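First comes the structure, then the notes that go with it.
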Amino acid sequence: MDSNLLQGLCCTANSHSQTQTLQYFEQLKESPDGWKMCGNALIHGINSLLLGIPGFSDDNTKFFCFQVLEHHVRTRYLFELDNNTDFVVGVHYIPWLPYACYHWLPAMYVTPRHASESLANQQSLREILMTWLQAQCSGRTSDKNFIKNKASQVFALTFVVDYPNQWLSFFSDLHQILHAGAAAVDMYLRILKAIDDEVVDREVARTSQEMARNTMIKDFMREQCVPEMTKWWLSILETYGTTNSMLTCSCLDVVGAFVSWIDINLVANDKFISMLLNLLSVDVLRESVCDCFHEIISKGMDPVAKTELVESLIGVLESAAILPPTEETDIDFLAKLAKLINGIGSQLISSYNKLVKSGDATVAANTLKAIENKIQLLFRFLGDDDDDISHTVNGFAHSYFQLLKQMSTISDQQKQTLEGLLYVIIKKMTYDDLYNFDQEGEDEVMFMEYRKEMKVLFDNISQLDANLVLMTVHNVLSASLGRLEEAEFMEVEMAIRLVFMLGEALPGQQLYTDSRFPLLQQMMGLIVSSRLSYYSHSAVSLMFFETVVRYDRFFTSQPQHIPTVLIAFLDERGLRNPNSTVRSRCCYLLSRFIKSHRNHMQNYVDDVLKRFQGLLVVSSDNGYHHLLSADEQLFLYESAGMLVASSNASQEKQLMYMNGLLSPVIIKFGSILSKLMSGDLDAQASLSHAQLLYSLVSFASRASKAFPNQQTLKQSGCAPCFKEALPLFLQALTCPLHREIIHNGIRQYLHRMVICLGDDVLPFIPIAVTHLLEKCSARDIQDFIPLINQIIAKFKILIVPFLRDVFMAIVNTIFTVLNKPAEEADTQAAKEKETLRRSYFLFIAAIVNNEVSEVLTSQEPHNVQQVLLTLIQGAVEYPDPVAQKICFNVLRKLVELWGGSSGENGFKDFLYDNIVPACFLAPMKSTFDMNDAQTFLAMQEIAQTQKMILQKQGIEFLDYLQSKYLPSLNLSPPMVQEYTQALQHADIKTFKNYTKVFFTQLQT
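When we follow UniProt numbering, the leftmost residue of the sequence shown carries the number 1, and every step to the right adds one.
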């Protein structure tokens, strides 16, 4: 090896030297003899090469040398599958191999990668590895762990390649060195772990060839060496069990890894189990022993044998006083025991299910009894104070509930078990004193995730015995409310949360109308009539409001409780609560409550609107302005609008209500707009004023949501409020500052007014559109198109004169934005253009599909031609299946409108010159992925377009395809005939499926 090039591994080496060294090792990997040089360096020593090089450590060089050996082993052979080969190619008759074993080797043969590869080279590599290993075991050298791990990996790879054909004595050779002591045992165990990674580990994705190879290797190992290996494992545990915890734990890991595929009797026997139990008394070992037990009971076995194994294990653990655990049990060991119990319970339930399917009722009953006997252990671990330990047995609990669901009846004993588990779950879902509501951190987030898991168990019990759950929740709630003054917040919060959870755990039909379950109504009556809403803790307040909103049907049947809840929402318990989280959530919940009970609100409108006033005014001198954000106020404006709309008052009074609600907004808007337009504000003040304008317009928009259509707004008499606000709001479109913020708000209001004002909004459309189209960005025009599409769909023929005039202005604005250059690496800009392009096609689709296509025909002919060509471009050139689907939909509609002998002038030529070719060119592109769902929808549009052309052009279209177009695609006459026959005679569903197959074949 070149000692000069190795200097790049010095800790003081510069980047150039390091690069040279890395290149040198890459050259060694590719060199036919590079691995030999590295092997010799490993066994003859590296230090002698580098004497006098300051700062050098040979550890890195050794690691790189092993990497070269690893590369050599990985590339020495190619593993290939040959389904016509019965035996391994190149494998000679092996006297000790039973004939039947050869049938595990079909489908795999080994071919040397390099023709020059010889048995001598293979033997040389094995000698290098064994020489290095013997040096490690004898103590002559002692490499660091990262080198030992890499060496173990090379051993494992060599084993995979050479065992059993070229290195049958692999395990015998390893076992011979074990007498050398702890160092030898350490390397032996590392190698076995590496073999597990390469051959056994189920989490590693493998090819079918690798799986076949690994199956062969394991079969040979089972017959030839596994019994001997297990004897050595037992010997290692006996020798080092109390003197070397590291080796003992490693050995237990190996046993656990291998037990999944070896004969269980080699491990599950008196000697091994006794040894493991002895090691359980050693504190530093018992966690590893527990993991080993878990792997043993998780092994795939006959269900009867599995039950016997688990029962014997439980017996010895109980005899050894390991189970049940005591209060003094170490928390880490308790976690391992929880994992073991979870595995035991899950395995027993799996065995029971298999026995039930097999019809062996007697044995299944014995297994069920074994499961029931483990429930006390489930109680112990599920109810542990540590949530991580409780979470560990969640699988056992869930499997147990699934088992009970499969039974036709549940016994009284099982019902008692469910009740006990229900109380454990309730206890575990309860907050503790340490929960930080003011600043939730990682612990709080973890608890909330854990709570969700417990809720799943709660839901399962509810499905098994709804009456039990209702009775239990009723008892918990009654007990908490009975001592409300002295009860701690976590007890009260849990009680009302349980009532809330019933709404998801049980179906509404069962909760409200089943005469067997009147308890929900009783519980809701207790909640509303008690002083629960006055409880000072924010968590209790939130659950109160969440619960009363969830059970809206209770208030529908008992509306006398509505004012009690409304007052709670409006005073210091709700919207004016000192806790910002409660205030914010109540804004949303109150809007839901009012919407759900709008038919019962007539008597409360005046009072509620008066109580809203201090919360809705946006003036800075408002004493309550700090309580709610603008986003939270939006819900109050929506609620206020709902109250006005549901008041059943006269039109004059409703208009008065709405004026009282919106006049402050409109006045404030005018004042803020004047200040912003004056130009006297600094940058920060300018931005805040623009944001306030947006909020003010949004308030008016949300108030209008109480009116779902023009008729409801007109009937209310409130239309003048919204109509008078519109010209003032539109003035803001002329403001040159913060256009995006202001325009977003105005567009939002226009969307609402199109719905609510109807024809009354038409006079304002031209000015709005004109200003919205000025100096557009991609985002501006993209947001504008849904508005103009809504206007088209709403007003249709009424909007034609205006739309005829602005059509090309809109189109030109869109393409001005689309044609703006952008950096190739700017993926965001590319995404925005793709979205805008789709929006453009939707704009054309809105015109075509809403009976206003005369907007197109009234344009200059060359403009019409350009627009139509953009549709062809979108249908063919862009690999965007969504856009393609839209384009073909529009083209089909145009064929329907303009096709045939009475079609628009010039359209027939466009049809044959462009639309017909598009129907074939698009699906023939390699980017047209037939397996993609959106692309398949585009393909269906293409099929429908051709059917429409056939309907309009008739035999002329078929003749054109047969005689001109399809032959130009180099299709054979039979294919042309077949395609035109399908087009002419197949129904649309059949033709859609046919075209998918046809174009898939053309692509290939």
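Even glycine gets a Cβ: it sits at the ideal position worked out from N, Cα and C.
All figures in this text were calculated on a predicted structure; none of them were measured in a lab.
Given residue i as reference, the closest of the options once Cα atoms are compared
| i | options | result |
| --- | --- | --- |
| Asp-388 | Asn-789, Thr-1000 and Asp-443 | Asp-443 |
| Asp-929 | Gln-865, Gln-1003, Leu-856 and Gly-874 | Gln-1003 |
| Leu-615 | Phe-907, Leu-636, His-600 and Glu-877 | Leu-636 |
| Ile-666 | Gln-865, Leu-728 and His-689 | Leu-728 |
| Ser-591 | Ser-968, Phe-722, Leu-566 and Phe-379 | Leu-566 |
| Ser-462 | Leu-950, Leu-506, Ala-732 and Cys-292 | Leu-506 |
| Gln-560 | Leu-542, His-597 and Arg-531 | His-597 |
| Gly-383 | Ala-361, Tyr-423 and Lys-405 | Tyr-423 |
Segment limits, alpha helix (DSSP H) that includes residue i
| i | result |
| --- | --- |
| Glu-318 | 303 to 319 |
| Phe-635 | 630 to 645 |
| Lys-794 | 778 to 795 |
| Phe-729 | 719 to 731 |
| His-751 | 739 to 756 |
| Lys-964 | No alpha helix (DSSP H) holds Lys-964; DSSP gives it neither H nor E. |
| Gln-1001 | 988 to 1003 |
| Cys-735 | Neither: Cys-735 is in no alpha helix (DSSP H) and is coded neither H nor E. |
| Cys-225 | No alpha helix (DSSP H) holds Cys-225; DSSP gives it neither H nor E. |
| Ser-858 | Note, Ser-858: premise wrong, no alpha helix (DSSP H); not H, not E. |
| Trp-132 | 119 to 138 |
| Asn-460 | 442 to 464 |
Residue i versus residue j: straight-line alpha-carbon distance, rounded
| i | j | result |
| --- | --- | --- |
| residue 1009 | Met-275 | Missing from the structure shown is residue 1009; the chain here goes from 1 to 1004 and no further. |
| Pro-32 | Asp-197 | 28 Å |
| Leu-726 | Val-761 | 9 Å |
| Asn-355 | Leu-323 | Residue identity differs from the one stated: residue 355 is Leu in this sequence, not Asn. So the alpha carbons of these two residues sit roughly 27 Å apart. |
| Ser-399 | Ser-15 | 58 Å |
| Leu-49 | Val-255 | Per-residue confidence for Leu-49 stands at a pLDDT of 47, beneath the threshold of 50, marking its modelled position as unreliable; no derived number is given. |
| Ile-814 | Lys-885 | 20 Å |
| Leu-868 | Tyr-840 | 12 Å |
| residue 1006 | Leu-894 | Any question about residue 1006 goes unanswered here, given that the chain covers just 1 to 1004. |
| residue 1091 | Glu-546 | Missing from the structure shown is residue 1091; the chain here goes from 1 to 1004 and no further. |
| Phe-170 | Gln-136 | 17 Å |
| Phe-888 | Val-882 | 10 Å |
| Lys-831 | Ser-688 | 30 Å |
| Tyr-994 | Ala-982 | 8 Å |
| Gln-946 | Asp-759 | 39 Å |
| Lys-796 | Gln-873 | 27 Å |
Counted within 10 angstroms of its Cβ, other Cβ atoms place residue i as buried (16 or more) or exposed
| i | result |
| --- | --- |
| Thr-19 | exposed |
| Asp-682 | exposed |
| Val-284 | exposed |
| Met-658 | buried |
| Lys-989 | exposed |
| Thr-417 | buried |
| Trp-138 | Correcting the residue identity first, residue 138 is Ser in this sequence and not Trp. So Ser-138 ends up on the exposed side. |
| Ala-370 | buried |
| Leu-911 | buried |
| Arg-202 | exposed |
| Gly-899 | buried |
| Met-448 | exposed |
| Ile-195 | buried |
As assigned by DSSP and simplified to three states, the class of residue i
| i | result |
| --- | --- |
| Lys-354 | helix |
| Val-707 | Position check: residue 707 holds Phe in this sequence, whereas Val was assumed. Coil at Phe-707, not helix or strand. |
| Gly-906 | coil |
| Thr-158 | helix |
| Thr-242 | coil |
| Val-852 | coil |
| Leu-105 | Summary for Leu-105: the model assigns pLDDT 39, below 50, so the residue's position carries little reliability, and this model does not support an answer. |
| Leu-323 | coil |
| Ala-887 | Here the sequence assigns Cys to residue 887, which means Ala is not the residue at that position. Helix. |
| Val-393 | coil |
| Met-523 | helix |
| Met-930 | coil |
| Leu-247 | helix |
| Met-543 | helix |
| Val-259 | coil |
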